[in-house]
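First up is the structure itself, then whatever we jot down about it.
There are 4 protein chains.
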Amino acid sequence: MIIILKPNPAPKQLESLKEWIKKMGLDIHVSAGAHSTILGLVGDTSVVDIDLISAMEIVEKVQRIQEPYKAANRKFHPNDTIIQFGNVKIGGGHFAMIAGPCSVESRAQIMEVAEKVQQAGAGALRGGAFKPRTSPYAFQGLEADGIRLLLDAKKQTGLPIVTEIMDLSQLHLFDEVDVIQVGARNMQNFLLLKELGKTKKPILLKRGFSNTIQEFLMSAEYIMSGGNPNVILCERGIRTIETATRNTLDLSAIPVVKELSHLPIIVDPSHATGHAKYVKPMSLAAVVSGADGLMIEVHNDPPCALCDGQQSITPEAFAQLAKGVEIMRESMAKEQAI
Amino acid sequence: MIIILKPNPAPKQLESLKEWIKKMGLDIHVSAGAHSTILGLVGDTSVVDIDLISAMEIVEKVQRIQEPYKAANRKFHPNDTIIQFGNVKIGGGHFAMIAGPCSVESRAQIMEVAEKVQQAGAGALRGGAFKPRTSPYAFQGLEADGIRLLLDAKKQTGLPIVTEIMDLSQLHLFDEVDVIQVGARNMQNFLLLKELGKTKKPILLKRGFSNTIQEFLMSAEYIMSGGNPNVILCERGIRTIETATRNTLDLSAIPVVKELSHLPIIVDPSHATGHAKYVKPMSLAAVVSGADGLMIEVHNDPPCALCDGQQSITPEAFAQLAKGVEIMRESMAKEQAI
Amino acid sequence: MIIILKPNPAPKQLESLKEWIKKMGLDIHVSAGAHSTILGLVGDTSVVDIDLISAMEIVEKVQRIQEPYKAANRKFHPNDTIIQFGNVKIGGGHFAMIAGPCSVESRAQIMEVAEKVQQAGAGALRGGAFKPRTSPYAFQGLEADGIRLLLDAKKQTGLPIVTEIMDLSQLHLFDEVDVIQVGARNMQNFLLLKELGKTKKPILLKRGFSNTIQEFLMSAEYIMSGGNPNVILCERGIRTIETATRNTLDLSAIPVVKELSHLPIIVDPSHATGHAKYVKPMSLAAVVSGADGLMIEVHNDPPCALCDGQQSITPEAFAQLAKGVEIMRESMAKEQAI
Amino acid sequence: MIIILKPNPAPKQLESLKEWIKKMGLDIHVSAGAHSTILGLVGDTSVVDIDLISAMEIVEKVQRIQEPYKAANRKFHPNDTIIQFGNVKIGGGHFAMIAGPCSVESRAQIMEVAEKVQQAGAGALRGGAFKPRTSPYAFQGLEADGIRLLLDAKKQTGLPIVTEIMDLSQLHLFDEVDVIQVGARNMQNFLLLKELGKTKKPILLKRGFSNTIQEFLMSAEYIMSGGNPNVILCERGIRTIETATRNTLDLSAIPVVKELSHLPIIVDPSHATGHAKYVKPMSLAAVVSGADGLMIEVHNDPPCALCDGQQSITPEAFAQLAKGVEIMRESMAKEQAI
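Residue numbers (the working numbering), protein chains in the order written: chain A, 1 to 338; chain B, 1001 to 1338; chain C, 2001 to 2338; chain D, 3001 to 3338.
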């Protein structure tokens, strides 16, 4: 971290700044130029509150050189993290598909979808039990019953299940859930992240719809700093000026995250595009950009889905997509062998 | 609501769509053109799930004519809502200033700030007790102790207090708090909004940093549809391509909200701009754009604030600002009398 | 186009609106409901100025059903457009790579790059002659000399050349240029687009950095409505809240454009990501998302490039990338044959 | 400017970097820490191409301390610039209103509007002669005839005129025009800016709809570096996620620009909000935020305006607005005297 001071800093303030820095266990390298003085901070600067320093009267600017996250940082953990649940592995060359309906609607629905996506090659089943929506008048999910139906589908098919927690008060319902999903709107619900950091369950953390990659990794850091290293990141599009798609899928985030972090990252093209017709091309592109997995909305009767039917594909379309994914996975292997 | 059908809709699907609409208590006005058929829905369409209809195979497009919110809608409640807490009224021509530090840091700090902002004309005291920050390594607030210190400051000064809830599990701590603040990151935490809808306390709802005005009003609707009409909206800037300010303060939102809703709306120029030096001009501009109040960060020693010191002003600067606000309030009265 | 009128429109104004619509050669289908009257416009509504109608006192809302572009619209031209220059074809299953330096810097540089990218499989050579930059103090390009050097490289290698026009006054210099590029900042320079519509040369039109896909296609329409059907679209990223990449590459735009328009679309991952290290993964992902070509910045000595060196790759890296592209092209063929 | 080097930079590359910097007339202050070496550049760094340095292999990061603009920078020109045209002064405490229709449509129209806005207190007349629109099928302006009509209105009323140039080829038509406007879409048309830098006419430079304040000031720098110091900046809203207004008016930009630059800045609330009903509150707020003037669209018959009728106000509404502006100007004087 580099602190650029204003010209002629008050000596007393400068001394108290230096002392405060040293108390955090950091070394200081002072470089006094003709026009400005620069302090170089050496040590673990991830604990330094950059806002606090920026607010000081004698400080002109502060510039991080190291990233503000440590546990999630590839520099301190060069090898890819591999996360396992059920028979599924994600990361470090392992790829998986998580598929299922936006919402669990009935036993018949979830059983049918679970069996069909399993046959088509999905490694895990997704389904929403809690679905608070933008409108208080829209369908809000089956709640605890939804989780029970998911667990029944797990029993029948053996597929591990992935479902979203909306609030800490629901945590006791997730005991048998394999992967707890944190939705985009909760990406910066830091209390929730902290509590999930105390479990050992894999957490599927979705990127907030207007959050940067650095903020995304800071949220992963919250979970990891609590003691839970099992974080799967999920890119699901950001809000931009484009309206032809529901969000703008940021596939560049895949190689960026791969460079900055050792955590696996998967892609949700269903929420990102918001239209069933764009799910396949974006799934294939996600594979090729280096994603460790896909999360796809599949519904047995999309036009009648109680939530997000527009973006759901049929089990048949999913089976087609899965074949395409396989082809792309092979071509990736070929490409890397050049 | 207008539903535009694709050419030659399947008669069976059309019938089932019509029946479903009628079951919601709506009338349908069919208009069959040469190229397309249009269904006009008459009645209370705020309960209709637009996504569900959009997903149907026979539907080309759906267009709302009425807004999707009802309780918050000025059409159904033409008079301004006035919200009272302590001796303060906000809305319907009443204006108030809420001031105080970002975080409660100590008894001495909150007492000093409370007394000084009261002398300068603030009607309520703000202060954060729970401060989960972007970094897990930064100061996180005094929590329950912070609320106790705020209540002590209330006892001493008589100022009602405004403080933020981060999670439902904290609700029992807010019994004596006058106004519960919902932060920008929680604007779409619908479970929290629902629970707050069961209380009768005034809720200060901040706009999410990447949410539209319509989404903002839908979140107010969540609280109101639960039975709590006491919602104060707060514009605090949105995330844009500009980086010179922390966020981009959207003052146009004031007249837009005033037109669409009867709820009062105040402005937080401290979080919006992120710099103490821009707080006064934006406060004055907020008054003139029609805001019902201001929320200002005031700290007795901004460079040493444990959080957001960069955007805090001193009690002296706040006293100056308050005089400017008074002048602008008078000029607004004069302008409206032309 | 659907015009929704306010309740009880003034009869005289309604009549004059109807007459005005009929004068444009459109039919009107009136549907008078209990609460609102709707006018359905039948015919070629692409000529209707939606802003003009929206401004009328009796109008509540106007909603387009048809897109506002005609020549670029796939509905009126279902087959893919194929554009040829030199030996290169783009569109309708034909794929091409355009490669070369951001700026032409010297004869030696452009000759070396041209030969190397040709050997690696590029179908055309790109290079900037006019480079007005954000700062008036930065390198501004070799101008007319730059075009002469590109033409020399064309003579030597046979590669057709693609270079950017900045202003109408330069048009006479582009006589022997194969493809005229319109940069992102000029996407809505409508006078320039109109003049280019009078030529028959292929125009490579880059998406503006904050323009929607619909605006992108409207700009193509400007060129086409002047009589020049040879437009190649180029996605190059949009400005978003993410800063880890220079722009956010919007690969979903590929299938969206393919659905809405018959024009070919290529991808520029160099400007989109701004970093050499992300160029290959995004190139491969672009191929798989359905792009008709790639435009890649290649420089013989990237760290010494006078412009945008950070995002340029070496000829050797380009040769590697080209092999990867070939593999992805094969896998796409395989995938489509499932 | 601070250059942070990667660990263990190649000595030869480091030497050549240092030599290159010195050739630009800058001094270097090297600070070799344990983990990284930092070069501090002392002198006029506005001429340094930051991209070029960033691309070098041995460089980790580059951070500007000084702004990249010089002529527009308040640091080097502390006093407010005052720009005069006709009897109007803008800047340094002088305030003016520029009013008129979006497009010149006919002699009768421009004469009527000119007289009425003059009576109401406008200091200058605006009107568009060239109006390339998003759609090639919409009204495109009266072109040279439009300028002639504006000059006739000037002759009759004495009001100086402000009108937009779209392309360099039109420059000869602007000889008698008082202020040449550069529209938002041309803010980074650097060739046009350079040519306007050779004239001495006041240039009204509008902010691009997705450009930062720094980019805005760099575009002013282009004009000024050519020898023309007469630049009036104009904030007109930026494109954001909000859709209730046409753009999001960024009033914080006023105090930010005032701090960074000595140039006057005015506000265009008509284009920013896109709705006549929001023009007055945003005009008053602009005055109070410190703007040096306003540019307002006024039309004698807004519903029949051939362009942007939705955002135009009547001459009567403008007269009302002008009285409100006067009241706010007085209250600003009072506020500054506290």
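Quick reminder that beta carbons are idealized off the backbone N, C-alpha and C, glycines included. Note that the structure is a prediction, hence the values are computed from the model and not measured.
- Item | Residue burial classification, ALA2010 (chain C) (beta-carbon count within 10 angstroms, cutoff 16) | exposed
- Message: Need the endpoints of the beta strand (DSSP E) that GLY40 (chain A) sits in, please.
- Response: 37-42
- Item | Pair within 8 Å by beta-carbon distance, LEU3017 (chain D) and LEU3041 (chain D) | no
- Message: Please confirm whether ARG239 (chain A) has its beta-carbon closer than 8 Å to some beta-carbon of chain D.
- Response: yes
- Near HIS2143 (chain C), what residues of its chain come up, given a Cβ to Cβ distance below 7 Å and the 5 sequence neighbours on each side ignored? Looking at the sequence itself, residue 2143 (chain C) is Glu, so the reference to His does not match. Only ALA2129, PHE2130 meet the Cβ criterion.
- Count the CB pairs spanning the stretch 2058-2076 of chain C and the stretch 2254-2263 of chain C that are closer than 8 Å, and state whether there are at least three. yes
- Listing by chain order, which chain A residues have their CB less than 9 Å from the CB of SER1169 (chain B)? ASP167, LEU168, SER169, LEU191
- Contacts that GLY3309 (chain D) makes with chain C (C-beta to C-beta distance below 9 Å): ASP2051, LEU2052, SER2054, ALA2055, MET2056
- Query: Quick one, are the C-beta atoms of LEU3151 (chain D) and ALA3114 (chain D) less than 8 Å apart?
  - Reply: no
- Under a CB-based cut-off of 8 Å, is GLU316 (chain A) close to chain B? no
- Query: Could you give the residue range of the alpha helix (DSSP H) that holds MET1332 (chain B)?
  - Reply: 1315-1336
- Query: Under 8 Å between C-beta atoms, does ILE2002 (chain C) make it to chain B?
  - Reply: yes
- beta strand (DSSP E) segments (min. 3 residues) lying fully within the stretch 218-282 of chain A: 231-235, 265-267
- Report yes or no: do the stretch 1195-1207 of chain B and the stretch 3234-3244 of chain D share at least 3 C-beta pairs separated by less than 8 Å? no
- Measure the beta-carbon distance from ALA1361 (chain B) to VAL1162 (chain B) and round it to whole angstroms, keeping in mind my assumption that it falls under 8 Å. Any answer about residue 1361 (chain B) is impossible in this case: the structure gives chain B only from 1001 up to 1338.
- Message: Measuring only the C-alpha atoms, how far is ASN8 (chain A) from GLU57 (chain A)?
- Response: 11 Å
- Message: If contact is defined by three or more beta carbon pairs under 8 Å, each pair taking one atom from either stretch, is the stretch 304-322 of chain A in contact with the stretch 1314-1323 of chain B?
- Response: no
- Query: Secondary structure at ILE147 (chain A), three-state DSSP: helix, strand or coil?
  - Reply: helix
- Quick one: measure Cβ to Cβ for ARG1107 (chain B) and LEU1149 (chain B), integer angstroms, because I've assumed they're closer than 8 Å. 6 Å
- Query: How is the beta strand (DSSP E) around LYS2089 (chain C) delimited, first residue to last?
  - Reply: 2088-2090
- Query: Between which two residues does the beta strand (DSSP E) carrying VAL1062 (chain B) extend?
  - Reply: 1059-1063
- Item | Neighbour flag for THR199 (chain A) against chain B, beta carbons, 8 Å | no
- Query: Counting Cβ pairs closer than 8 Å, one from the stretch 267-281 of chain A and one from the stretch 81-93 of chain A, do we hit at least three?
  - Reply: no
- Query: Is it true that the CB of ILE3203 (chain D) sits closer than 8 Å to the CB of ASN3230 (chain D)?
  - Reply: yes
- Task: May I ask which residues mark the beginning and end of the alpha helix (DSSP H) holding ILE3110 (chain D)?
- Result: 3107-3120
- Message: Out of A:SER219, A:VAL48, A:SER331, which one is the CA nearest neighbour of VAL287 (chain A)?
- Response: A:SER331
- Report the option in B:ILE1004, B:LEU1192, B:GLN1310 whose CA atom is closest to the CA atom of ASN1300 (chain B). B:GLN1310
- Message: Pop quiz: ILE3165 (chain D) and VAL3179 (chain D) are said to be a contact at Cβ under 8 Å. What is the actual Cβ separation, rounded to whole angstroms?
- Response: 11 Å between Cβ atoms; not a contact.
- Message: Between the alpha carbons of ARG3133 (chain D) and SER3169 (chain D), how many angstroms are there, rounded?
- Response: 18 Å
- Message: Any beta carbon from chain B within less than 8 Å of GLU2060 (chain C)'s own beta carbon?
- Response: yes
- Along the stretch 267-289 of chain A, what residues have a CB closer than 8 Å to any CB found in chain C? ALA272, THR273, LYS277, TYR278, PRO281, MET282, LEU284, ALA285, ALA286, VAL287, VAL288, SER289
- Query: Under the three-state reduction of DSSP, which class applies to HIS1299 (chain B): helix, strand or coil?
  - Reply: coil
- Query: Pick from B:THR1157, B:LEU1191, B:SER1225: whose alpha carbon is nearest that of GLU1112 (chain B)?
  - Reply: B:THR1157
- Message: I'd like the span of the alpha helix (DSSP H) that includes LYS1022 (chain B), first residue to last.
- Response: 1011-1023
- Should ALA1337 (chain B) go down as buried or exposed, given a rule of 16 or more other Cβ atoms within 10 Å for buried? exposed
- Item | Burial state of HIS2271 (chain C), where buried means 16 or more other Cβ atoms lie within 10 Å | buried
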